[in-house]
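A.B. asks: Structure provided below as structure tokens; questions to follow.
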């Protein structure tokens with residue numbers, strides 16, 4: 021009988037072991053639960069508010085409510101997708117979350133700036149635009165960091181696969 025090392029008992033590099041443990045930790049899962057609950061509750065609250073209005077809302081308000089419900093639902097779906105995975109995602113969830121954050125931030129920044137320009141002063145529109153640019157830059161930085169983290173984890177995984185063959 022030949023003695024083979026089971027996959028669970030292979031020597032896994034400590035760096036990869038620590039990285040994967042952080043990805044599937046209870047803290048990470050609880051953060052995703054919080055994101056899902058926040059997105060789902062926000063979407064539900066806005067939908068209930070919209071549905072219980074006694075009079076028809078203006079078109080812009082309906083569009084804003086629909087957009088906010090879509091954003092909340094997207095975050096809830098993202099959290100559900102992440103929590104349904106039972107294996108390490110190698111930071112794929114971080115990249116997807118960062119893309120979602122960037123898209124939502126761009127949409128919110130553009131809509132807020134357009135609204136400020138239509139209703140407010142030039143100074144108000146400029147301030148709103150600058151705040152939007154700052155938030156988009158922050159979301160872009162988060163995306164860059166998430167992609168770098170994913171590349172590093174995939175590199176470590178591939179290195180481990182090459183060592184075992």
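Numbering (the numbering used here), first residue to last: 21 to 185.
Beta carbons: idealized from backbone N, C-alpha and C, even for Gly.
Please read all numbers here as calculations on a predicted model, not as lab measurements.
Quick one: any contact between the region 103-115 and the region 49-56, if contact means 3 or more CB pairs under 8 Å?
C.D. replies: With a cut-off of 8 Å, the region 49-56 and the region 103-115 count as touching, because enough Cβ pairs lie within range.
A.B. asks: Would DSSP call residue 111 helix, strand or coil?
C.D. replies: For the purposes of this step, residue 111 is identified with residue 91 of the chain shown, where counting begins at 1. Three-state result, residue 111: coil.
A.B. asks: Measure the CB-CB distance between residue 110 and residue 150 and report whether it falls below 7 Å.
C.D. replies: Position 90 of the chain shown, counted from the start, is the residue given in the question as residue 110. Position 130 of the chain shown, counted from the start, is the residue given in the question as residue 150. No, the Cβ-Cβ distance between residue 110 and residue 150 is not below 7 Å.
A.B. asks: Residue 140 by DSSP, collapsed to three states: which one?
C.D. replies: Within the chain shown, numbered from 1, the residue matching residue 140 stands at position 120. If DSSP states are grouped into helix, strand and coil, residue 140 belongs with coil.
A.B. asks: Could you spell out where the alpha helix (DSSP H) holding residue 49 opens and where it closes?
C.D. replies: In the chain shown, counting from the first residue as 1, residue 49 sits at position 29. Residue 49 -> alpha helix (DSSP H) spans 46-71.
A.B. asks: Can you tell me whether residue 148 is buried or exposed? The criterion is at least 16 other CB atoms within 10 Å of its CB, across all chains shown.
C.D. replies: Position 128 of the chain shown, counted from the start, is the residue given in the question as residue 148. Result: buried.
A.B. asks: Do residue 159 and residue 131 have their beta-carbon atoms positioned less than 7 Å apart in this structure?
C.D. replies: By 1-based counting over the chain shown, the position of residue 131 is 111. By 1-based counting over the chain shown, the position of residue 159 is 139. The answer is no: Cβ separation not under 7 Å.
A.B. asks: Given a cut-off of 7 Å, decide if residue 115 and residue 156 are closer than it, judged by their beta-carbon atoms.
C.D. replies: The residue given as residue 156 occupies position 136 in the chain shown. The residue given as residue 115 occupies position 95 in the chain shown. Cβ distance not < 7 Å, so residue 156 and residue 115 don't count as in contact.
A.B. asks: So what's residue 28 in DSSP terms, helix, strand or just coil?
C.D. replies: Here the question's residue 28 lines up with position 8 in the chain shown. Low per-residue confidence applies at residue 28: pLDDT is 48, beneath 50, and the placement is therefore not dependable, though the value from the model is reported in the following sentence. For residue 28, the three-state secondary structure derived from DSSP is helix.
A.B. asks: Grab the span of the alpha helix (DSSP H) containing residue 88 for me, first residue to last.
C.D. replies: Mapped onto the chain shown, residue 88 falls at position 68. Where residue 88 is concerned, the enclosing alpha helix (DSSP H) stretches over 79-104.
A.B. asks: Using CA coordinates, which residue listed in 45, 46, 167 is at the minimum distance from residue 119?
C.D. replies: The count along the chain shown starts at 1 and reaches residue 119 at position 99. Comparing Cα positions, the closest option is 167.
A.B. asks: Less than 8 Å between the CB atoms is what I'm expecting for residue 66 and residue 46, so what's the real figure, rounded?
C.D. replies: Locating residue 66 in the chain shown gives position 46, counting from the first residue. Locating residue 46 in the chain shown gives position 26, counting from the first residue. Not quite, the Cβ-Cβ distance comes to about 30 Å (not below 8 Å), so this is no contact.
A.B. asks: Is residue 86 buried or exposed, if buried means 16 or more other CB atoms sit within 10 Å of its CB?
C.D. replies: Walking along the chain shown from the start, residue 86 turns up at place 66. Classification of residue 86: exposed, given that the 10 Å Cβ count is below 16.
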